[in-house]
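What follows is a set of notes on a single structure, which appears directly below.
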Amino acid sequence: MSTMTFKGYAARIEYSDDDACFIGHIAGIKDVIGFHAETVKELRAAFEEAVDDYLATCEKLGRAPQKPYSGKLMLRVPPEVHARAAMMAQAHGVSINQWASDVLAHAS
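Residues 1 to 108 in this note's numbering are what the sequence shown spells out, letter by letter.
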């Protein structure tokens with residue numbers, strides 16, 4: 001599965017059979033920003049326009065735009081999973097954060 005991204009923002013896309021169009025929302029932020037189009041090419045353009053408009057609106061209002069993710073991820077895992085992850089990180093000569101980041105980056 002690939003993701004439509006632009007300037008660090010990702011799109012969540014759905015298809016409306018009733019309206020015969022794609023409906024998208026910017027994912028990972030609390031502000032609600034939507035867009036729609038009938039073709040994939042139009043959808044890409046609408047997404048990029050929505051992101052640019054969001055950034056311009058935030059600038060006009062004098063507030064920072066929300067960022068999709070901070071890069072901080074808190075997980076609670078069973079102790080045996082934690083121990084295995086720590087062992088694997090040590091075996092690869094990296095921190096547990098680096099090891100987990102590498103593993104998550106290759107997850108599909």
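Each residue gets a CB set at the ideal place from its N, CA and C atoms; glycine is no exception.
- Message: At the level of alpha carbons, what is the spacing between A91 and A100?
- Response: Working through the sequence shown from its first residue, we reach residue 91 at position 91. Working through the sequence shown from its first residue, we reach residue 100 at position 100. Approximately 13 Å, taken between the alpha carbons.
- Ignore the nearest five residues each way along the sequence and tell me which others in A50's own chain have a CB closer than 7 Å to its CB. Along the sequence shown, one-based indexing puts residue 50 at 50. Cβ neighbours of A50 beyond the five flanking positions: I26, I33, F35.
- Query: Opposite C21 in the DSSP bridges: which residues?
  - Reply: On the sequence shown, position 21 is the one that residue 21 refers to. In DSSP, C21 forms a bridge with S16.
- Task: Could you check the C-alpha separation between G62 and M4 for me, to the nearest Å?
- Result: Here residue 62 refers to the residue found at position 62 of the sequence shown. Here residue 4 refers to the residue found at position 4 of the sequence shown. Whole-angstrom Cα-Cα distance: 27 Å.
- Task: Tell me where the beta strand (DSSP E) around H36 begins and ends.
- Result: Along the sequence shown, read from residue 1 onward, the residue named residue 36 stands at position 36. Where H36 is concerned, the enclosing beta strand (DSSP E) stretches over 34 to 37.
- Task: May I have the straight-line CA-CA distance separating E14 from A89, to the nearest angstrom?
- Result: As a first step, residue 14 must be located in the sequence shown, where it is residue number 14. As a first step, residue 89 must be located in the sequence shown, where it is residue number 89. About 38 Å.
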